[in-house]
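Numbering (the numbering used here), first residue to last: 6 to 380.
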């Protein structure tokens, strides 16, 4: 069979003649080998198995050097610890697409003078960056432009040939954060009956359903995401409940955009953990609703700024929201099962891993106007 492997850092025949592909010890015959792609033809496997491990190696075992290597002499300097490039500075460590970033890499003595632009590759996560370099002494200074990708924190990968991938002088240099920014909302005012709005900014995902846009803090305060790109999010403002109060006029509402690691707008329960323990809380329920589905209960929790967990009893379609979670309470002994076998406790995944969501807020970003609402 002809097999194609795609990735980063495979090297090339120009780097070394010691190229090897193996599948569970049985060699493959490679026909194409580049930095990002290897194509090879498998040889017969006599083992009685459907799946085999795959290994791609630039250097055969006898050429490796480093901890645990006992053979002498070491034949390939790129594997020596003292020959590893070290990233000593990254500025800044966060930003948006188009921002300039400079990375300083310290090389072993004598290497920096021979480094060219084509010898250096930089990736922020899986995203390749256009880069240029300059050298001074033993340092290589890399200037790059941040590419477009959804707001998140990703690893920094820098490779300098022929030495290989760089290590880091400190842990705070290992990642770069693409920020989520809302620059504007058009229009920023409208009818209590709802309307189509466009948010401009940076860091949006190309998948609309990964966004949750909250307007204010009530069940009606959502803007349904319809389309999105890196710099723009289009959503439909939900209508406001006219019986919310009797003397409503113009209302200024905060706008919050949440970008999750899952399609939470499509399935709100993806924002929550799912515990099989029956109803953990006693009498600290903040808000209770009946005759709602578990998904609607999750959505109502997302709609309220301070809600972090809820209990749900499907037998009675009973939804109980809370400002507290099992993770956030110091005296966890207060949380005890109510012994209701049909009850399920859910808490926001941010209680244990804040990185699952990125947020951006615009205080007073939208105004509901009485004079823009048809009678």
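Cβ coordinates follow ideal geometry from the N, Cα and C atoms, glycine included.
Assuming residue 120 and residue 365 make a contact with CB atoms under 8 Å, what is their CB distance in whole Å? As a working mapping, residue 120 is identified with position 115 in the chain shown. As a working mapping, residue 365 is identified with position 360 in the chain shown. The Cβ separation is near 38 Å, so there is no contact.
For residue 302, the first and last residue of its enclosing alpha helix (DSSP H): The count along the chain shown starts at 1 and reaches residue 302 at position 297. Here the alpha helix (DSSP H) through residue 302 covers 299–308.
Output the distance between the C-alpha atoms of residue 208 and residue 243, rounded to the nearest integer angstrom. Locating residue 208 in the chain shown gives position 203, counting from the first residue. Locating residue 243 in the chain shown gives position 238, counting from the first residue. Near 24 Å, if we compare the C-alpha coordinates of residue 243 and residue 208.
I'd like to know whether the C-beta atoms of residue 168 and residue 129 end up nearer to each other than 9 Å. Residue numbering aside, residue 168 sits at position 163 when the chain shown is read from its first letter. Residue numbering aside, residue 129 sits at position 124 when the chain shown is read from its first letter. Contact flag unset, no.
Flag this pair as touching only if the segment 229–238 and the segment 310–321 have three or more C-beta atom pairs under 8 Å; answer yes or no. no
Please name the residue, chosen from 180, 327, 310, that lies closest to residue 106 on a Cα-to-Cα basis. Sequence index remark: in the chain shown, residue 106 carries index 101 (1-based). Put simply, of 180, 327, 310 the residue whose alpha carbon is nearest the alpha carbon of residue 106 is 180.
In angstroms, rounded to a whole number, what distance separates the CA positions of residue 69 and residue 89? Numbered from 1 along the chain shown, position 64 holds the residue referred to as residue 69. Numbered from 1 along the chain shown, position 84 holds the residue referred to as residue 89. Only weak support is given to the placement of residue 69: the predicted model assigns it a pLDDT of 43, under 50, and the value that follows is read from those uncertain coordinates. Taking the straight line joining both Cα atoms gives about 14 Å.
Does the Cβ of residue 261 have 16 or more other Cβ atoms within 10 Å, making it buried, or fewer, making it exposed? Residue numbering aside, residue 261 sits at position 256 when the chain shown is read from its first letter. Residue burial annotation: residue 261 is buried, with at least 16 other C-beta atoms found within 10 angstroms of its C-beta.
Out of 215, 211, 191, 363, state which residue places its alpha-carbon closest to the alpha-carbon of residue 204. Along the chain shown, read from residue 1 onward, the residue named residue 204 stands at position 199. Comparing Cα positions, the closest option is 191.
Residues of its chain near residue 363, where Cβ-Cβ distance is below 6 Å and the 5 sequence neighbours each way are ignored: Your numbering for residue 363 matches position 358 in the chain shown. Excluding positions up to five away in sequence, the list reads 156, 185, 264.
Rounding to the nearest angstrom, what Cα-Cα distance links residue 44 and residue 154 in this structure? For this step, residue 44 is matched to residue 39 along the chain shown. For this step, residue 154 is matched to residue 149 along the chain shown. Their backbone Cα atoms lie some 29 Å apart in a straight line.
In angstroms with no decimal places, state the Cα-to-Cα distance between residue 239 and residue 230. Numbered from 1 along the chain shown, position 234 holds the residue referred to as residue 239. Numbered from 1 along the chain shown, position 225 holds the residue referred to as residue 230. Within the model, the alpha-carbon separation for residue 239 versus residue 230 is close to 6 Å.
If you follow the beta strand (DSSP E) that residue 294 is part of, which residue opens it and which one closes it? Residue mapping note: residue 294 aligns to position 289 of the chain shown, counting from 1. Here the beta strand (DSSP E) through residue 294 covers 292–294.
Could you check what DSSP says for residue 214 in three-state terms: helix, strand or coil? For this step, residue 214 is matched to residue 209 along the chain shown. Helix at residue 214.
Report all residues from its chain with a CB closer than 6 Å to the CB of residue 36; omit the five preceding and five following residues, and keep chain order. Your numbering for residue 36 matches position 31 in the chain shown. Cβ within range, chain order: 44.
If you count every other CB in all the chains shown that lies within 10 Å of the CB of residue 279, and 16 or more means buried, which is it? Along the chain shown, one-based indexing puts residue 279 at 274. By the 10 Å Cβ count, residue 279 comes out exposed.
Is it the case that the Cβ atoms of residue 354 and residue 277 are separated by a distance below 9 Å? Along the chain shown, read from residue 1 onward, the residue named residue 354 stands at position 349. Along the chain shown, read from residue 1 onward, the residue named residue 277 stands at position 272. Using a Cβ distance threshold of 9 Å, residue 354 and residue 277 count as a contacting pair.
Looking only at DSSP bridge pairs, what is residue 38 linked to? Here the question's residue 38 lines up with position 33 in the chain shown. Beta-bridge pairing links residue 38 to 43.
Could you pull the start and end residues of the beta strand (DSSP E) that residue 368 belongs to? Position 363 of the chain shown, counted from the start, is the residue given in the question as residue 368. Element bounds for residue 368: 362–373.
Within the segment 135–167, note down every full beta strand (DSSP E) run reaching 3 residues or more, in order along the chain. 136–141, 144–150, 157–165
Contact defined as beta carbons within less than 8 Å: I believe residue 193 pairs with residue 370. What is the distance between those atoms, to the nearest angstrom? Translated into the one-based positions of the chain shown, residue 193 becomes position 188. Translated into the one-based positions of the chain shown, residue 370 becomes position 365. The Cβ separation is near 6 Å, so the contact holds.
Classify residue 360 as buried or exposed, calling it buried when 16 or more other Cβ atoms lie within 10 Å of its own Cβ. Taking the chain shown and counting its residues from 1, the one referred to as residue 360 is at position 355. Label assigned to residue 360: exposed.
Run through DSSP, which three-state label would residue 320 get? One-based indexing of the chain shown puts residue 320 at position 315. Three-state result, residue 320: coil.
Same chain only: Cβ atoms within 6 Å of residue 113, ignoring 5 sequence neighbours per side: Residue mapping note: residue 113 aligns to position 108 of the chain shown, counting from 1. Counting only Cβ-Cβ distances below 6 Å, and skipping sequence neighbours, we find 88.
Rounded distance between the beta-carbons of residue 269 and residue 202, thought under 8 Å: Locating residue 202 in the chain shown gives position 197, counting from the first residue. Locating residue 269 in the chain shown gives position 264, counting from the first residue. In fact, because the Cβ distance is near 20 Å, the residues do not count as touching under 8 Å.
Could you check how far apart the C-beta atoms of residue 149 and residue 127 are, in whole angstroms? I think they sit under 8 Å. In the chain shown, residue 149 corresponds to position 144, counting from 1. In the chain shown, residue 127 corresponds to position 122, counting from 1. That belief holds up - the Cβ atoms of residue 149 and residue 127 are roughly 5 Å apart, short of 8 Å.
For residue 166, which residues of its own chain have a beta-carbon under 6 Å away from its beta-carbon, when the five flanking residues on both sides are left out? For the purposes of this step, residue 166 is taken as the residue at position 161 of the chain shown. Taken in chain order, the residues that qualify are 124.
Identify which residue in 352, 294, 295, 257 has its Cα closest to the Cα of residue 274. Position 269 of the chain shown, counted from the start, is the residue given in the question as residue 274. Here the closest residue by C-alpha is 352.
Residues near residue 368 by beta carbon distance below 6 Å, same chain, minus five either side: Looking up residue 368 in the chain shown gives position 363. Hits under 6 Å: 259.
Start and end residues, beta strand (DSSP E) containing residue 237: Locating residue 237 in the chain shown gives position 232, counting from the first residue. Segment 237–242, the beta strand (DSSP E) holding residue 237.
In the DSSP assignment, what are the bridge partners of residue 111? As a working mapping, residue 111 is identified with position 106 in the chain shown. Answer is 91, 144, bridged to residue 111.
By DSSP's criteria, residue 265 is part of a beta bridge. Which residues make up the other side? As a working note, residue 265 is residue 260 in the chain shown. For residue 265, DSSP records a beta bridge to 362.
Looking at residue 300 and residue 266, is the spacing between their C-beta atoms short of 9 Å? On the chain shown, position 261 is the one that residue 266 refers to. On the chain shown, position 295 is the one that residue 300 refers to. Not in contact: residue 266 and residue 300 (Cβ atoms no closer than 9 Å).
Cα-Cα separation, residue 41 to residue 131: Position 36 of the chain shown, counting from 1, holds the residue named residue 41. Position 126 of the chain shown, counting from 1, holds the residue named residue 131. Each residue's alpha carbon lies about 12 Å from the other.
Could you check where the beta strand (DSSP E) with residue 207 kicks off and where it finishes? The residue labelled residue 207 in the question sits at position 202 within the chain shown. From DSSP, the beta strand (DSSP E) with residue 207 extends over 201–207.
Hey, would you say residue 372 sits closer than 9 Å to residue 206, going by beta carbons? Locating residue 372 in the chain shown gives position 367, where the first residue counts as 1. Locating residue 206 in the chain shown gives position 201, where the first residue counts as 1. The answer is no: Cβ separation not under 9 Å.
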